[in-house]
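Peer 1:
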Amino acid sequence: MVERLHIRLLGELELSRGATRLKLPPSKKTRALLGYLVLTGRAHRRERLCELLWDVADDPRAALRWSLSKLRELVDDESATRLVATREAVRFALADATVDVLEVRPFAEAQLADVSTAKLEAALACFRGELLEGLELPDFHAYYAFCLAEREALRGLHARIVTELLERAMSAPDRALPLARRLVDLDPTSERTRALFLQLLHASGREREAAHEAQKSRRLLEPARGPERAPEPSTRASPLASMRMSEPPPMLIGRRAELRRAREILRTRDGADEPPRARVLLVTGEAGIGKSALFAQLLTSERPHVADLHRGAAHELDPGFPYAPLLGLLQQSGMATAQGDAPRGDEAAQARERLFHGVARALGTKLDESERPVLLAIEDLHWLDEASVLLLQHVVRACRDRRLSVLLTARSGELADNAAARRLVRALRSEGRLEELSLPPLSPEETCALVRGVAGDVDAAAVHAQSGGHPLFAIELARAPSLARAGVPASITRLVRERMESLAHEPSEVLRWASVLGTSFCIAALEPLLSIDPVPFVEALEQLERLGWLRFEPRVEGGTEASFSHDLVRRAVYDGLSEPRRRLMHGRIARRLAALAAPDESHAAEVARHAVLAGDAEMAVRACLSAGRGCVRLLATADVLTLARRGLAHVTSLPLPEACTLEIELHELMLLVQRPERPEELGARLSELATRALALRQLEHARRGFYLQSLLRWEQGKPSDARRFSREAERLSRLEGPRARLCGLADAARCLTMLNRDLADAQAFVLEAEALVAAGEAEIAGFRLAAGMLELHRGAHELAAVQLERAVELAQLEGEPLIEFVSLEYRLELALSDARLDEAEATALRLAALGTRMREGSEAPFACAALALVQVARGTGDTNALEEAVRALALADAKQRTAYVLTRWAELLLACGDHAQAAARAREALALAAQIEHPSETALARAVLASVAHAARDEDAFARENEGLAALGQGLSARARVAVERARAYGTSP
Amino acid sequence: MVHVIVERVFAEPADVAALSQRFEEAKSCFVMRNVQHVRTCLARDGRRMICEYTAPDAESVRVANQLAGLPFERAWSAEVMESPKPSV
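Protein chains in written order, with my numbering: chain A, 447 to 1436; chain B, -6 to 81.
1. May I ask you to report which of helix, strand or coil DSSP gives A:Glu549?
2. Assuming contact is defined by CB atoms lying nearer than 8 angstroms, are A:Met946 and A:Ser937 in contact in what I supplied?
3. Does the contact criterion of 3 or more C-beta pairs under 8 angstroms hold for the region 1303 to 1319 of chain A versus the region 1379 to 1390 of chain A?
4. Rounded to whole angstroms, what's the CA-CA distance from A:Val1219 to B:Ala10? Just pull it up for me.
5. For A:Leu577 versus A:Leu455, is the C-beta spacing smaller than 8 angstroms?
6. Just the C-alpha distance for A:Arg919 and A:Arg925, rounded to the nearest angstrom, thanks.
7. Who does B:Arg1 pair with in a DSSP beta bridge?
8. Go through its chain and collect everything with a Cβ distance to A:Leu612's Cβ below 7 angstroms, but skip five positions before and after it.
9. Quick one: what's got a C-beta closer than 6 angstroms to B:Cys34's C-beta in the same chain, skipping five residues either side?
10. What is the DSSP secondary structure of A:Leu1264, counted as helix, strand or coil?
11. Could you spell out the range, first to last residue, of the beta strand (DSSP E) harbouring B:Trp69?
12. List, in order along the chain, the chain A residues whose C-beta lies closer than 8 angstroms to that of B:Pro49?
13. Which value, in whole angstroms, describes the spacing of the CA atoms of A:Glu877 and A:Leu836?
14. A:Leu957 and A:Val897 look like a contact to me (Cβ under 8 angstroms); what is the Cβ gap, rounded to whole Å?
15. Report the start-end ranges of each beta strand (DSSP E) in the region 580 to 639 of chain A that is 3 residues or longer and not cut off at the edges.
16. Using only alpha-carbon positions, find the residue among A:Ser913, A:Pro917, A:Ser948 that is nearest to A:Val934.
17. Does B:Met74 have its Cβ less than 8 angstroms from a Cβ in chain A?
18. Please list the residues of the region 1362 to 1374 of chain A that have a C-beta atom closer than 7 angstroms to any C-beta atom in chain B, keeping them in chain order.
19. In the DSSP output, which residue or residues are listed as bridge partners for A:Arg725?
20. Quick check: the Cα distance between A:Pro1381 and A:Asn1202, rounded to an integer number of angstroms?
21. Expressed to the nearest angstrom, what Euclidean distance is found between the alpha-carbon atoms of A:Asp1193 and A:Asp1400?
22. Can you have a look at A:Glu1266 and say buried or exposed, based on whether 16 or more other CB atoms are within 10 angstroms of its CB?
23. Where do the ends of the beta strand (DSSP E) carrying A:Thr1006 lie?
24. In the DSSP assignment, the alpha helix (DSSP H) including B:Gln29 goes from what residue to what residue?
25. List the residues of chain A whose Cβ lies closer than 9 angstroms to the Cβ of B:Met42, in chain order.
26. Just verifying my parser: in three-state terms, what is the DSSP assignment at A:Glu832?
27. When you compare each of A:Gln1342, A:Pro552, A:Leu483 to A:Leu1374 by their alpha carbons, which one comes out closest?
28. Leaving out the 5 sequence neighbours to the left and right, which residues in its chain are closer than 8 angstroms to A:Pro584 when beta-carbon positions are compared?
29. For A:Ala1210 and A:Leu1411, what's the separation of their Cα atoms in angstroms?
30. Near A:Pro507, which residues of its chain fall below 7 angstroms by C-beta distance, leaving aside the five closest residues on each side in sequence?
31. For A:Glu398, tell me which candidate among A:Ala531, A:Ala599, A:Ala568 has the shortest Cα-Cα distance.
32. Can you tell me the Cβ-Cβ gap for A:Leu1102 and A:Leu1154, rounded? I've got them flagged as a contact below 8 angstroms.
33. Are the region 961 to 978 of chain A and the region 996 to 1014 of chain A in contact at 8 angstroms, needing three or more beta carbon pairs?
34. Of all the beta strand (DSSP E) runs that stay within the bounds of the region 500 to 538 of chain A, which reach a length of 3 or more residues?
35. Answer yes or no: the CB of A:Ala1257 versus the heavy atoms of the ligand PLP, is any distance below 7 angstroms?
36. In terms of alpha-carbon separation, which member of A:Arg533, A:His1113, A:Leu520, A:Arg528 lies closest to A:Arg511?
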C-alpha cells in the first residue's frame, strides 16, 4: 500500500510519505515549479510556465519537460497521477495528498475569535518558516512577485493566529511569552508588539532579558525615528495601554528655505495653467541631519492641503519584507481592498498586477474624487524593499497626470546600495518628475536655537563646534551631562555602532583603524595596518566616502589625506572598540611608525601618542624623547616641554634602570630649551637620579645626570648642545672599578678647571666623584683639589677653603707633593683674593719649602716668585727680588704661572699709582696668557691695562682693551669676572 | 709654539706599548693644551727616553704628562738648532 504524500510549503519545501522524507531534486527551479503548481492548484499553459521560470534558457520547453519528469518521480504513485500534463498545459492534482498551506488557508477567511484554541494551535504548528524558504528566485520577476505576495498573505495570517492565541494567553505570561516572541520575530519593527513583549518579560520576572530586549528595541526602533529618543518601553503601567508608543514629531529649527522649497514642490498649483501631474520630492542628507524633522514638519503643514496623506517608513532591519511601508500606508488610509485583493492572487503575474493596479486604482479614484492632492510620504527610501519600490514606481506612473505628491527621504550615501531605489530615482529623474533637496548642516545660529530648546544653559558655540552643525549630534551633546567632559553621548555611540553593523567587514575594519589613527590621517599610513588587499581596500574607502563616513583631500606633500566627516563619529567609532583592542591597535601603529627609517618630528609625536595609548610606557617615553629632540632642532620650545612632561608622566611606571636613565634624558631635554623654575629642586632630583644610575652601573647616564646638576649649580644655564661627553668622559667610562674612576674623574675635573674649559663637565665629574665617595669609596686628594679649584673659580671662597685644606691633608697622607703644591697654590690665591696677606705669606713659605723637594719644573721658581710677590704686597719685599724670581719662572716656561704673578704684580703697581710699570707687567702677562689661550689670565691682564688707559685718558687704548675683554668667551673665574666688570664700569671712554 | 723636550728615566726597560696606550687614553689632556707629540727617542737599553713636543709652553707639557700619568724627570723648552746641510 502506498503511503500518503505530505507536502510542506511553509519553511523549506519538504515532501514525505508516511515518516519517510523524500529526496528533492537539486534544481531550485524544479522545486519552485512544484510549489507554484501546488499553491495555485490549477492548469497552466506550458508557455506560461516557461516564461515564469525559464525565460533565459536555450530551450525552455525542454527544461520544463526535464523538471516535470523529476517531479513526476516524486509525486506520482500507484494510487494517483498528481502531475497532470498535456501537450498544452500542466496542473497539480492533489488527490489524497496533504498540503500545509491548504490546511491553514481557510483560517484567512474565518473569524479567528470563533475558532477553538486547539485548532489555532494546530494551524500555528504548520508555520515552520517562510513560504518556500530559499525558493523566492528574485531573478524571475513574475515568480518572485507571486512568491512575495503569497508570503505576505501568509505572514499576515500567521500574525493573526499568533495574536489571537496571545490575547487568549495574556493571563498566563509563561504561555503568552513564546507567542509574543514569535510575534516580534514576525514584525521586529512593530513598537506595539515589542512593548507587549517587554511587559510579558517583566511579568515573568525575566528582568535581565527585559533589559536586554529594551536596549535592542531602542537600537532597532530609533534609526527609523530620527534624533528623538526612543520612549522607555519597559514601563510597568497598564500593559495594553503602553502598547501605543506615540511620539511628538522631531523638533525642526531653521530650514526655512528648505521648507519653502518643499512646499512649492508638493502643493499642486491649483488654478495654474499647468495641468495636474505627479510630483516627487526626494529629501537627502546624511543620517541625523534632520530629514525626519523636516519630513514631520511637512506632513503637519501639508495635512490641511491634501485629500489624503499616506505615510510609511522603510526599515533597515528587513529590507526583503515586501510592501511593508506601503501596506502600512494603505491600511492607514483605508485602502484595504487594494491590499486585500492582491496577496490572494492565484497566479503570479496576476497577483502582482492586481496588487499594483488595485493600489493605483484606489489612489486614482481618490484623486479623481477630490480637488486636492494626495500625498504619499515614505521615509528612508534607501531601505525600501524592491517590491515596494516597484509598487511605488507603478503608482507614480499610473497617476502621472493626477495631483499626486510623493515625499521621500533618503540617506544620500546609502541610496547607492539599494539597486531598486537607485533605479527608481534614475527613472523619475529621466521623466523629469523628481525634485531633490539636499539638507546641509545647521548654521551656528540655528544650532544655537536648536540646543537652547534642549538645554538652556549649554554652551551653544561649543556644541556647534563639536557637532559641526549636525542636528542630531548637537541635540545629543546638549543633552549630555557635561559638555566639558568631551565624551561622546551614548546615544551617538549607539547610532554610529548601528550604522557600522550594516557595513561589510572591510569598510568596518577601515573605520576602526581610521578612528585609532585620528581625526585625519594619510591613507598611506592606514593601508599597511590592514590585512586587506589593495582592491577591496580602495573599494572600502570609496564606500565609506559615499556613505559620508570619510572625506578625502589631496595632501600638499603628496598622497591623500582622509578625515572623518565628524570628529564625534570618529570618537564614537573609537569608543566602540574594547580597551584591549584599542591598546593593541595603538601599539601596532606606534611600532609601525617607530620602525620607519627616518621618522620626522610629527611621526615621533605620533609614535609617542600611540605608544601612550597602547600602554607601552617605555616606547612612549622613548618616542617623547625622540620627538622632543626633533622639536629642539625646530626651536619649538613649547612642544619640547609638552613632550618631555608627557614622557615624565610615564617614566615612573618603567622598571629600573630605564626609569632612572630615561628620566635623566627627559630632564636633559627640558633643560635644553628652558631653565627650570625651581633649579634647586631639580638639582636635588638629578643628584638622586645620577647617584642611582651610578649604583646601577649606568655610568653614562650617571655622568649625564651629574652634568645637568652641575649646569644648574655652575653655569646656571642650559646645555648648549648635545655635545656632552667629550673624550674625557669617554675615557672615564672605560675605567674599571670605582677607585680608578674616582682618580680619573678627579684628574679630568682638574684638567678642565685649570684650562677654564668645559667647566660644567668638570663640575659633573666632581659630583660623580662625590657620589662615589658617598657610596663608600675612600676620598683622594686629587678629588678634593678639583672640588676646591672649582669652588674658587666660581667665587665660593669658604667652600674652596674647606676643600683645599682637605686636599692638602690628603696629599700629605698620600705622599703626593705635586697635588699638595697645587692645593697650596690655590690657597695662596684664595688668601690674596681675600687680602689676607699674613696667611698668603705663610702659604707662600710652605710652597717655597715644598718646591725645593720637588723634581725640576716650574714649582720651585713659582714658589719663589709667589713669596716675593706677597712680600712686595706687604711692603716688606724687594721688587728686584720679585723681578728676578719672575725671570726664573719664565725660564721654566710656565706661562700661566708667570702671567699670574705678573698680573698680580701689575695690580699692586696700579694700586700704588705706578701706571707705567703696571701696564708693562700687564702687557707681559697678556702676551703669555694669549699664547696659552687662558681666558681668566687674559681678562685679568686686560682689566689692568684698561684701568691704566682709563687713568691716562688714553681713549684708543681703553677702547682696545674693552674690545678685547668683550671678545672673551665663557669660563672666566669669579676674580676675572669682577675685574672685567670693574673695567666696564669705567664707561665707554676714560 | 715652542719645542719642549721631556726626559724620562725608567728603572726597568720601558714598556713602550703600555706608555703608548696611556698616552692614547689621555690624549685629550694633550689636545686641549695644544700639545703635539713630535717624536720619541728611546735608549737602546730601554731605560731612557726623550720625547719631543710642540706646545704653547713647557708647563703645558708637564701638566699633560702628569695628568696622563706618564712619568718624566724634567721638561724644558728648547730651540731647534739648524742641522748642517747634507753634502752633495
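Ideal Cβ positions, reconstructed from N, Cα and C, are used throughout, including at glycine.
Peer 2: Taking the definition as stated:
1. Helix, per DSSP.
2. no
3. no
4. Distance between the alpha carbons of A:Val1219 and B:Ala10 is about 33 angstroms.
5. yes
6. According to the sequence displayed, residue 919 of chain A carries Phe and not Arg. Going by the C-alpha atoms only, they are around 10 angstroms apart.
7. In the DSSP output, where bridge partners are listed per residue, B:Arg1 has B:Met42.
8. Ala622, Leu625, Ala626, Leu629
9. Ile43
10. helix
11. 67 to 71
12. Neighbours of B:Pro49 on chain A, chain order: Lys1341, Gln1377, Ile1378, Glu1379.
13. 16 angstroms
14. Actually they do not touch by this definition, with Cβ atoms about 27 angstroms apart.
15. Taken in chain order, the complete beta strand (DSSP E) segments of 3 or more residues contained in the region 580 to 639 of chain A number zero; there are none.
16. A:Ser913
17. no
18. none
19. Residue pairing from DSSP places A:Arg725 in a beta bridge opposite A:Ser851.
20. Distance between the alpha carbons of A:Pro1381 and A:Asn1202: 7 angstroms.
21. 44 angstroms
22. The residue is buried, with at least 16 neighbouring Cβ atoms inside 10 Å.
23. 1006 to 1010
24. Unbroken run through B:Gln29 is the beta strand (DSSP E), 29 to 35; no alpha helix (DSSP H).
25. Per Cβ cutoff of 9 angstroms: no residues; B:Met42 is ~16 angstroms from chain A at best.
26. helix
27. The candidate whose alpha carbon is nearest that of A:Leu1374 is A:Gln1342.
28. Tyr590, Glu832
29. 28 angstroms
30. Pro is not the amino acid found at residue 507 of chain A; the sequence shown has Arg there. The residues are Arg492, Cys496.
31. It is not possible to answer for residue 398 of chain A, since the shown part of chain A is limited to 447 through 1436.
32. In fact, because the Cβ distance is near 19 angstroms, the residues do not count as touching under 8 angstroms.
33. Because the criterion of three Cβ pairs below 8 angstroms is met, the region 961 to 978 of chain A and the region 996 to 1014 of chain A touch.
34. Within the region 500 to 538 of chain A, the runs of beta strand (DSSP E) that reach at least 3 residues and sit entirely inside it are, in chain order, 529 to 531, 535 to 538.
35. Only the bare structure without any ligand can be found here, which leaves the ligand PLP out of the picture.
36. A:Arg533
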